[in-house]
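*Asks:* I'd like to ask you about the structure that follows.
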Amino acid sequence: RKHTHKQTRKMIMRLLALLGKILGEIRRQMRVHPDEELLNYKQLDMLETVTRVYRQQKNHFKSGDSRESIPNRIVSFSKPYIRPIVRGKETKIVEFGSKCNNILIDGISFIEKLSFNAFNEGTRLKHCVSLSKKLTGVDVKKIGGDQGYSGNDNRTFCKENGIETSFTQKGRTGKNEVKNATKRELARVRATAMEGSFGTQKEHYGLRKIAARIKSTEIMLIFFGIHTANVVNLARRESVQVALAA
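What follows is the structure, given as structure tokens:
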């Protein structure tokens with residue numbers, strides 16, 4: 109039988125109270141026996157994580173708003189650093205793991221920002237341009253990006269710096285049809301290159317499912333996966349050039 113809202117809240121309140129007592133008793137025992145190693149370092153980490161979850165859920169319960177957003181919400185005891193990230197995809201509305209903003213320069217992928225917290229990649233366009241210039245020493249002349257990057261601030265920035273974009277022109281379609289056709293082609297080329305790069309990294313370099321349990325290890329595996337794909341890409345290009353020169 110389904111519990112009523114009142115019964116559910118009463119149960120949650122009792123469980124939180126019980127967990128609070130257990131955590132309090134563990135802390136008390138640690139204070140009473142400071143010279144004894146009651147918990148090893150893994151158990152201490154888990155105790156800290158459970159304490160943080162307890163505080164988050166207690167504050168959430170007190171607010172009375174089931175839809176309240178909890179800052180830095182912990183959703184995994186084994187990986188307390190990951191956060192729920194809303195993707196908006198049909199199959200997966202919410203995903204858990206890292207979010208990576210990459211730039212692709214002549215088929216080579218570079219990490220611009222990697223975070224386990226959600227962020228708006230549309231605000232990173234200026235940083236992408238800066239990174240590209242830092243890596244190549246050349247001013248960016250063309251940018252291909254999805255609609256997430258096509259905000260007014262980014263449009264103004266690109267216009268002021270003479271950067272051609274794949275963003276569809278605002279206004280009447282008839283007036284800008286020629287420009288929009290060019291931009292659609294640039295967007296198609298960008299999407300093909302970027303999605304192909306992401307697909308290759310996921311399918312062949314271990315980025316679809318990362319089996320790391322530590323944050324630093326997970327970041328390292330992402331880094332090596334992306335740049336191993338880059339090395340293989342460069343090696344193939346070099347082999348083709350050698351074959352053509354022979």
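For the sequence shown, the working numbering gives the first residue as 109, with consecutive numbering after it. Backbone N, C-alpha and C define an ideal beta-carbon position, used for all residues, glycine too.
For Y162, which residues of its own chain have a beta-carbon under 8 Å away from its beta-carbon, when the five flanking residues on both sides are left out?
*Replies:* L124, L127, G128, L131
*Asks:* Do Y189 and K317 have their C-beta atoms within less than 8 Å of each other?
*Replies:* No, the pair does not count as a contact, with Cβ atoms beyond the cut-off.
*Asks:* Measuring straight from C-alpha to C-alpha, what distance separates K221 and G333?
*Replies:* Our two residues, K221 and G333, have alpha carbons roughly 15 Å apart in a direct line.
*Asks:* Whole angstroms is fine: what's the gap from A319's alpha carbon to I330's?
*Replies:* 11 Å
*Asks:* When the distance is taken between beta carbons, is E229 closer than 8 Å to G205?
*Replies:* no
*Asks:* Taking the alpha-carbon positions, what's the K114 to Y313 distance?
*Replies:* 50 Å
*Asks:* Let's test the definition: count the other Cβ atoms within 10 Å of the Cβ of E176 and tell me whether it reaches 16, buried, or not, exposed.
*Replies:* exposed
*Asks:* Helix, strand or coil: which one does DSSP assign to K242?
*Replies:* helix
*Asks:* Extract the residue ranges of the alpha helix (DSSP H) inside the segment 126-177, only unbroken runs of 4 or more that lie entirely within it.
*Replies:* Counting only runs of 4 or more, we get 149-171.
*Asks:* What residues match up with P192 in a beta bridge as DSSP calls it?
*Replies:* According to DSSP, which records beta bridges pairwise, P192 is partnered with F204.
*Asks:* Roughly how many whole angstroms lie between the Cα atoms of T112 and F169?
*Replies:* 16 Å
*Asks:* Looking only at its own chain, which residues have a Cβ that is under 6 Å from the Cβ of L155, when we skip the five neighbours before and after it?
*Replies:* Nothing listed; no residue qualifies.
*Asks:* With C266 and T273 assumed to form a contact (beta carbons below 8 Å), what rounded beta-carbon distance in angstroms separates them?
*Replies:* 5 Å
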